[in-house]
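Undergrad:
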DNA sequence: GGAAAACATTTTAGGCTTAAAACAATTCGG
DNA sequence: CCGAATTGTTTTAAGCCTAAAATGTTTTCC
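Chains as they are written, first to last, in our numbering: chain A, 280 to 455; chain B, 280 to 455.
1. Can you check whether the CB of residue 383 of chain A is closer than 8 Å to the CB of residue 404 of chain A?
2. Listing by chain order, which chain B residues have their CB less than 8 Å from the CB of residue 312 of chain A?
3. Residues in its own chain within less than 6 Å of residue 440 of chain B by CB, not counting five upstream and five downstream?
4. Indicate the three-state DSSP secondary structure (helix, strand or coil) for residue 386 of chain B in the structure shown.
5. Taking only beta-carbon atoms, is residue 376 of chain B less than 8 Å away from chain A?
6. Under 8 Å Cβ-Cβ, which residues of chain A neighbour residue 366 of chain B?
7. Measuring straight from C-alpha to C-alpha, what distance separates residue 365 of chain B and residue 344 of chain B?
8. DSSP beta-bridge partners for residue 401 of chain B?
9. According to the neighbour-count rule (16 or more other Cβ atoms, all chains shown, within 10 Å of its Cβ), is residue 327 of chain A buried or exposed?
10. Within 10 angstroms of its Cβ, does residue 287 of chain B collect 16 or more other Cβ (buried), or is it exposed?
11. Taking CB distances under 8 Å as the criterion, tell me whether residue 443 of chain B reaches chain A.
12. For the alpha helix (DSSP H) containing residue 367 of chain B, name the first residue and the last one.
13. Check each candidate in A/453, A/443, A/454 and A/452 and name the one with the smallest Cα separation from residue 321 of chain B.
14. Whether or not the segment 414 to 425 of chain B and the segment 423 to 431 of chain A are in contact is what I'm after, with contact meaning three or more pairs of Cβ atoms, one per stretch, closer than 8 Å; do they touch?
15. By DSSP, does residue 443 of chain A sit in helix, in strand, or in coil?
16. Looking at C-beta atoms only, is the number of pairs between the segment 407 to 421 of chain B and the segment 429 to 438 of chain A that lie closer than 8 Å three or more?
17. Check the C-beta distance from residue 380 of chain B over to residue 390 of chain B and give it rounded, since I have them as a contact under 8 Å.
18. On the DSSP bridge assignment, give the partners of residue 356 of chain A in chain order.
19. Can you give me the C-alpha to C-alpha distance between residue 329 of chain B and residue 419 of chain A, rounded to a whole angstrom?
20. Just reading off the alpha helix (DSSP H) that residue 322 of chain A is part of, what are its end residues?
21. Give a yes or no on whether 8 Å exceeds the smallest Cβ distance from residue 343 of chain A to chain B.
22. Smallest Cα separation from residue 363 of chain A: which of A/349, A/338 and A/353?
23. From what residue to what residue does the alpha helix (DSSP H) around residue 347 of chain A run?
As structure tokens, then:
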């Protein structure tokens, strides 16, 4: 039967983590509230952008996002690259690309050097439409963040970079 | 044919907004980068939470979120309330609730005073399972944000509150 | 009282999303 | 060189999600 408290000798190394030793459930309410607020902000802005894209251009957000990735890669990207960049599953990209090829916005071809790989590019039409949408999209974002000062923006950038790093580290701890 | 520049008399009132007058496209790259970083953080954390919920409890994130709303409302909520709180469409909630009733986690009844309204509550099983999951969930969040200092958390809370307010104001400008 | 507006929910049609399994092609190690 | 792992993509099954139209109910306001 284990003693309900650690031996005195073991406590020497535990003095600065006493809360754990005595099994006090730690209070993480602040982090939880932070996470909910982060999620709320993103959902709010994402919904607004989604609605405006639909209203103005009759396009969905995922299609816009995919085109945005390709606009930055004039030589095209592989499906895997796109999937990693967009942080969505492979199968998701397959379907998205299918519909965008169908509508004439994307061009897709099998790589010459590796027959597993599909390389996709924006077509002329796709690029033109994306540029038109992106210009307006940028003004929406500016408007949504309009009440933040330049310093606020800088501070948020810094803190979110730290958040991203922390989350990535935590994710890596689980899946090494 | 309009002159390509404003009349001198009109310029008197424009001196402090000259960039607009000369049609210089304003630079909103910083806000755009901020939005992408915000989105990345949320997607990263959301994906991690989704995966852990599935692995540990074989439950989806939307189901967990819905149960979380109900856990805070012992007397139940209407579908509209839930839909507003979760910031998802009404139809979405209908389906989600259907499946959770089916699995015995939710109880649903028509309001006595207004036959349009459906009131849903957690069942005993639903509450028990949610509490079990929520306890672990809180430690995941704490771990994901572990590298942020208490001050970072406070600063982020403040800046995200400002962001939320700004976005809501912008959304209201579009849909008054 | 009764038409019209407002409200709560469901239905519909289509697209998005994931996890996991299946398939295909390449690379690696012996 | 050849079997085994690895890599890139697609398929599958199920669920999530939205916008818009449809349905049923209540309130409003002549």
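Here a beta-carbon is modelled for each residue, glycine too, at the ideal position from N, C-alpha and C. Source: prediction; values computed, not measured.
TA: According to the structure data:
1. yes
2. 436
3. none
4. strand
5. no
6. 319, 322, 323 and 326
7. 8 Å
8. B/385
9. buried
10. Confidence at residue 287 of chain B is low in this model, with a pLDDT of 47, below 50, so the placement of that residue should be treated as unreliable; the coordinate-derived value is given next. Residue 287 of chain B comes out exposed.
11. yes
12. Per DSSP, residue 367 of chain B belongs to no alpha helix (DSSP H) and is neither H nor E.
13. A/443
14. no
15. helix
16. no
17. Residue 380 of chain B to residue 390 of chain B, Cβ: 16 Å. No contact.
18. A/399
19. 30 Å
20. 308 to 336
21. no
22. A/349
23. 340 to 350
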